[in-house]
Structures are given as C-alpha cells and as structure tokens.
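Residue numbers for the sequence shown follow UniProt numbering, so the first one is 1 and each next one is one higher. Okay, structure first, notes after.
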Amino acid sequence: MHACLQLPELLSQIIEFLSPDPPWAKGTSNLATLARTCRLFYEPALDALWEHQSDLGPLIKCMPKDLWDESEDLESGLLITFRRPVVPVDWTRFDLYAPRVKCISYNRSKDREPIRPLTRLHDTVLQALKDRRSTVILFPNLREIHWPSTDKGELFSYLGPTVTSVSFQWPDSESEHGELGSIGFLTRVVTICPMLEDLQINNGDSQGVAFPPSFVETLCLLRHLRHLACDLVFITTRDVVRMAALPHLTSLFLAGRSTVDCGTAKGEWSRLIGGAGVSECPSEAISHPFSNLKHLVIISDSPSLDPWIQMLRFMEQPELELFHCYLRQAHHSATIVSLLQILAGRPSHRALASLHMDCLSRFEPHFPEDERNSFGNPLHVPSLVKFINLTKFHFIMHHHFSLDDATIKELAMAWPLLEEFEVKWPSSAEEWSSVTLEALVHLAHHCPHLQTIHLILGTTILPSLPPSETVNLTVRSLHFGQTPILDPKGVAAFLVGLFPKLETFCGISAEESIGDSLHAAFGVAWEEVQRLVTASRLGGSFDGAVP
1 MHACLQLPEL
11 LSQIIEFLSP
21 DPPWAKGTSN
31 LATLARTCRL
41 FYEPALDALW
51 EHQSDLGPLI
61 KCMPKDLWDE
71 SEDLESGLLI
81 TFRRPVVPVD
91 WTRFDLYAPR
101 VKCISYNRSK
111 DREPIRPLTR
121 LHDTVLQALK
131 DRRSTVILFP
141 NLREIHWPST
151 DKGELFSYLG
161 PTVTSVSFQW
171 PDSESEHGEL
181 GSIGFLTRVV
191 TICPMLEDLQ
201 INNGDSQGVA
211 FPPSFVETLC
221 LLRHLRHLAC
231 DLVFITTRDV
241 VRMAALPHLT
251 SLFLAGRSTV
261 DCGTAKGEWS
271 RLIGGAGVSE
281 CPSEAISHPF
291 SNLKHLVIIS
301 DSPSLDPWIQ
311 MLRFMEQPEL
321 ELFHCYLRQA
331 HHSATIVSLL
341 QILAGRPSHR
351 ALASLHMDCL
361 SRFEPHFPED
371 ERNSFGNPLH
381 VPSLVKFINL
391 TKFHFIMHHH
401 FSLDDATIKE
411 LAMAWPLLEE
421 FEVKWPSSAE
431 EWSSVTLEAL
441 VHLAHHCPHL
451 QTIHLILGTT
461 ILPSLPPSET
471 VNLTVRSLHF
481 GQTPILDPKG
491 VAAFLVGLFP
501 KLETFCGISA
511 EESIGDSLHA
521 AFGVAWEEVQ
531 RLVTASRLGG
541 SFDGAVP
C-alpha cells in the first residue's frame, strides 16, 4: 500500500469524491466496492455508505433473509414485514452498521422523485425495534432526522439522546396516532432528545389546526436549542416572550396563519415590557430578550403587521444579521415603511446583512386610482441606507411604487458590500418606473462585490459605454423580467461592456408572452440579446460568429 494512502486527509478526499449527491442517489455501489478493496478503505467507506439513510429498509435487509419479507405497498411503495419472532443473533449485522448512521431523511425532495421507493415498516418490525430500543440505543451516533407527515410511530424508533436536529409535521389532530397526538407528541420528542439544537415543525396544510396552549412552554425545555422553525397558527405575545428566554437561540422562523387582534397584541406587549405579568414569564426574556438571535424569518397571513412591528420593538438587543419577511396579504405602503423604520432604528441595525421583503400573494391587490399616490413609497430609502453592511437585498412587492436611477444610485453608494440586488413590482406598473440602464452603471461602480441583479428597467435610451474603471467583473447573473426593449444589439453591447463576466441572462421570453403581441416581440428581442451575450462570452462577435 502506497504511503500516501496512509494520510487521513487523502482518504477523506477519495471517499468524498465517490460519495453520491444527494446521499440516496445512484452511486452508492462505488463506496461498497471500495469497502471491499482493502482493509484501509473498509471502515471509512462503510461510514460514508451508511452515514445518510432515507429509511430503515437497507438496515432491516441486512438481517437474516428468513426473518423478513418485502412486498408492494399501495401507500408508500414497499412494505417490510417480519415473518417470525426476532432472536438476539438476528441483530448482529444491524448492530454493525447502525452506529454508522448519522442522518435519516425522507427519500423525497420538491425537485425530484425518489431514486427508490420509500420502504415502510410493518407493525411487527416497529414492535421489534421498540423492544430492542428498551435495552440498547439503536443509533448511538445519529444526529439528524427529517421525517414526513406519515408514520409518526416509526419516528420514535430513531430518536435518541444523541440527536441534535429534528424536523417533522405536526399531528393533524388530538386523536391521530392516539397517545402521539397533540402535546404528548412534542413532549416525547423533547424527553428523548434533550440536546436538540435544531427543531423544525411544519403544520402542513391544516390551516385550522392550532398548537396547544402548552406548546411553547414544552418547547422552552430545550435549553440547547439554536435553530427553531414553527409553522404556527396562533402566535401570542406570551409565546414570543417565552421563546425570548432560550439562551442559545440564533435562528427563529415563525409563520402566523391567523389574524391577531392588534389592539390586544399592543396591550400585551405594553404590559410585558413594562413589567406587568413578568412573574409568569422567564425573567431573562424581559431583561435580555433573544440575546443571541441572528436570523429572523417571518411569514404573515394577517391583514395587519402591527403585532410583528411590536415584536421587533421588543427585540431591540439582538444583532440581527438576517431579516426575511413574507407577506401573504397586501399591505398599505405606510405599514411597510413602519416595519423598515423599526429595523433601521434598532441600535444594532448595522449588523444586518440580508434583507428580504416579499409579498407572496398570487394576485395583485386592487388599489383605487385615487388612492395610489397617497400610499407613498414602500421602498423607504432613508431607512434602507442605514444598513451599510448589507450583502443581500430582495424587495418584491405588489404595490405600485416609484423608482428611478437616483434612488438606485443612493442605495448602491450605501451598500458597498452588496452581492445580490432584486427589486420587483407588478408587471402592470412598468409605467411607474423611471429606472434606465444608467442604474446598472451605478450598481457596477459602487458595488464591487455584486453578483446578481434582478430589476425591471427601461432600455429605450442607451447610455454611452462606461469607462474602464466602471467595468464590473463580479456580476454573473442578470434578470430583467418584462422589460421592454427596442435595440437588442445595442443593449447587448452595453451589457457586455459593463459586465464582461456575465454568464446567466434572463429577460422575458417569447414563450412567456403568448397572447400578447407586444410582449411577444419584446421576448424575441431579449432572446436575441441572450444569443449575442453568449456569443461574445465565447469569443464571438455581435454578428453572431462563434469560434
């Protein structure tokens, strides 16, 4: 054996190169072959082979063949059943590989079908695992579990004291899975996994299902929790105050699906912050709320943002580095401005590096013509320019608001570290924009780290090619949406001159404009720009010649 293969770093690189991505994809046979090559590769290859599992099917199949039977299951694809009682010697191979498992994740993602059908375990298998778990820890090195909405009972076969990350869907009702329904389900998770650092609970599509009143109280028993994501229905003030006492919480994701009485919420905040009722909540939640919080993500389905604004006032101390707010309903521009003002008024506002405001409504809200001008501009520049360390800015609204080159320039000058810039508004509001290609010059000149730009602008006026010192070599991606265009060749020459390293380019396509002759023409023009930019990057000319 060559001496180089004795180096742990080199072994690690070989294993990583052969490991499939994602872990359950085709390619695990390479690791199995490597494990059989020699003793040097045996242990590290087996560790990598078993580290990520989508279910317990492969482990159960390592047990004696006369013990189990596999059949098709209408619900999940495959079903494993035990034919006979399990005896101690049956666990030999299981116990050899189970300590190598560090992550169990459901074999699906939103982007792809599973490589193989999910294997479901029959009650006979689950009972055997339960009996075995009463005497030994099944997975002594397991760290992560990501489980679907079904088979909650099977989930408890995996949980153990070493688990630090769990994600699951909340039981649909009190009666689901009997004793596992409601708060008892969470209590068991907290009891079995006291060292949890990352907990994600999805409420699924059950919009009418609320968490029990004692939910947050049970949750706060996890004193090591760092990342918490809860798809809640009702978010009360007292719940937030209790969460504020979690000493190590750095990331918080809250999704509120119900309307909150704004007056009541304000009153509750006033009493708690003022000291009334403090005895019922942890004292540290009042004196140092969310002391280590860095990331805050909010999804609001409420017609009012007042409760969230009050919550941000309560969270003055933490140095937020990321704030993302997704709105499921339309809101008055003044409310958006108030939210930005609260963020900018915090003592630690300079720490903010990522700001994302997004209206998730599928429909553009109806604003009467005589009210539009009174709404003001939700893109509140006096607040935004205070975030001098911003690296990511995404502002997606269904409001009709004004935007021009001067505003883009002011923002660009305030954000020298900016890497991502996205501003979108309704396609029907193009006439409200005064942004031209000149805005790209400001972004290129003042934001030397910029990589992505997503902006609707006017291209009918072509500015002169920028001086060499303005050329930006970091921008790789441009998205222009439904931007009108008249001179494809001129626009392409301008973009290549300003962003010579441009790789990804996207304007409105002809296919997206079917039924609209004007936008269809714009789509064809943007496709021509794409062709010219690609040809230039490959060393060709704007006549389309590619070497």
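Built from N, CA and C at the ideal position, the CB exists for glycine as well.
Give every residue of the same chain whose Cβ lies closer than 8 Å to the Cβ of residue i, excluding the five residues on either side of it in the sequence, and list them in chain order.
{"i": "Glu51", "result": "Pro23, Arg100, Val101, Lys102 and Cys103"}
{"i": "Ala444", "result": "Leu450, Pro466, Thr470, Val471, Asn472, Val475, Leu498 and Phe499"}
{"i": "Pro347", "result": "Glu316 and Gln317"}
{"i": "Leu352", "result": "Leu320, Glu321, Leu322, Phe323, Leu343, Phe387, Asn389 and Leu390"}
{"i": "Val381", "result": "Thr407, Glu410 and Leu411"}
{"i": "His122", "result": "Leu79, Ile80, Thr81 and Phe82"}
{"i": "Ser468", "result": "none"}
Determine whether the beta carbon atoms of residue i and residue j lie at a separation below 8 Å.
{"i": "Leu457", "j": "Leu478", "result": "no"}
{"i": "Glu251", "j": "Arg226", "result": "The residue you asked about is not Glu; residue 251 is Ser in the sequence shown. Yes; because the gap between Cβ atoms is below 8 Å, this pair is in contact."}
{"i": "Trp526", "j": "Ile485", "result": "yes"}
{"i": "Leu379", "j": "Phe395", "result": "yes"}
{"i": "Val385", "j": "Ala414", "result": "yes"}
{"i": "Ser167", "j": "Glu197", "result": "no"}
{"i": "Arg188", "j": "Phe156", "result": "yes"}
{"i": "Leu59", "j": "Tyr106", "result": "no"}
{"i": "Lys489", "j": "Leu437", "result": "no"}
{"i": "Val496", "j": "Ser464", "result": "no"}
{"i": "Thr459", "j": "Thr483", "result": "yes"}
{"i": "Cys62", "j": "Arg93", "result": "yes"}
Can you name, in chain order, every residue of its own chain whose Cβ lies under 7 Å from the Cβ of residue i, other than the five neighbours on each side?
{"i": "Ile137", "result": "Gly160"}
{"i": "Thr259", "result": "With a pLDDT of only 42 at Thr259, under the threshold of 50, the placement of this residue in the model should not be trusted; the figure read from the coordinates follows. Same-chain partners within the cutoff: Ser302 and Pro303."}
{"i": "Val190", "result": "Thr218, Leu221 and Leu222"}
{"i": "residue 562", "result": "Shown here, the chain extends from 1 to 547; a query on residue 562 therefore has no answer."}
{"i": "His146", "result": "Ser105, Tyr106 and Ser167"}
{"i": "Thr162", "result": "Pro140, Asn141, Leu142 and Arg143"}
{"i": "Pro64", "result": "Asp90"}
{"i": "Glu154", "result": "Leu121 and Leu126"}
Output the boundary residues of the alpha helix (DSSP H) element that contains residue i.
{"i": "Leu96", "result": "Thr92 to Tyr97"}
{"i": "Asp47", "result": "Arg39 to Glu51"}
{"i": "Gln341", "result": "Ser333 to Gly345"}
{"i": "Val216", "result": "Phe215 to Leu219"}
{"i": "Ala439", "result": "Glu438 to His446"}
{"i": "Val385", "result": "Here Val385 belongs to no alpha helix (DSSP H), and DSSP marks it neither H nor E."}
{"i": "Ala412", "result": "Asp405 to Ala414"}
{"i": "Val241", "result": "Thr237 to Met243"}
{"i": "Ile60", "result": "Gly57 to Ile60"}
Just checking my contact of residue i with residue j at CB under 8 Å: how many whole Å lie between their CB atoms?
{"i": "Ala244", "j": "Pro307", "result": "That belief does not hold up - the Cβ atoms of Ala244 and Pro307 are roughly 15 Å apart, past 8 Å."}
{"i": "Phe82", "j": "Trp91", "result": "The Cβ separation is near 12 Å, so there is no contact."}
{"i": "Cys447", "j": "Ala492", "result": "About 22 Å; that fails the 8 Å criterion."}
{"i": "Cys359", "j": "Leu312", "result": "The pair is not a contact, with the Cβ atoms about 18 Å apart (cut-off 8 Å)."}
{"i": "Asp404", "j": "Val435", "result": "6 Å"}
{"i": "Gln530", "j": "Phe505", "result": "5 Å"}
{"i": "His248", "j": "Asn292", "result": "6 Å"}
{"i": "Ala255", "j": "Asp231", "result": "5 Å"}
{"i": "Ala128", "j": "Val86", "result": "5 Å"}
Under DSSP, the beta strand (DSSP E) around residue i begins and ends at which residues?
{"i": "Glu503", "result": "Note, Glu503: premise wrong, no beta strand (DSSP E); not H, not E."}
{"i": "Met357", "result": "Ser354 to Cys359"}
{"i": "Glu70", "result": "Trp68 to Asp73"}
{"i": "Gly481", "result": "Ser477 to Gly481"}
{"i": "Leu322", "result": "Leu322 to Leu327"}
{"i": "Arg100", "result": "Element bounds for Arg100: n/a, residue is neither H nor E."}
{"i": "Ile453", "result": "Thr452 to Leu455"}
{"i": "Leu228", "result": "His227 to Cys230"}
{"i": "Glu419", "result": "Run containing Glu419: none; DSSP gives neither H nor E here."}
{"i": "Arg120", "result": "Leu118 to Leu121"}
{"i": "Val166", "result": "Ser165 to Gln169"}
{"i": "Ala330", "result": "Here Ala330 belongs to no beta strand (DSSP E), and DSSP marks it neither H nor E."}
Under 6 Å Cβ to Cβ from residue i, same chain only, skipping five residues before and after it: list those, please.
{"i": "Phe393", "result": "Leu355 and Phe421"}
{"i": "Phe253", "result": "Ala229 and Val297"}
{"i": "Ser383", "result": "Leu340, Gln341 and Ala344"}
{"i": "Thr534", "result": "none"}
{"i": "Cys325", "result": "Ile298 and Met357"}
{"i": "Phe367", "result": "Any reading at Phe367 must be qualified, since the residue scores a pLDDT of 47, below 50, and its modelled position is unreliable; no value is offered."}
{"i": "His454", "result": "Glu422 and His479"}
{"i": "Trp425", "result": "Met397"}
{"i": "His295", "result": "Ser251 and Leu322"}
{"i": "Phe363", "result": "Here the model assigns Phe363 a pLDDT of 45, short of 50, so the residue's position is not dependable, and the following value carries that caveat. Answer for Phe363: no residue qualifies."}
Those runs of the beta strand (DSSP E) which lie wholly inside the region 123-152 and span at least 3 residues: 144-146
Runs of alpha helix (DSSP H) wholly within the region 287-316 (minimum 4 residues, chain order): 306-314
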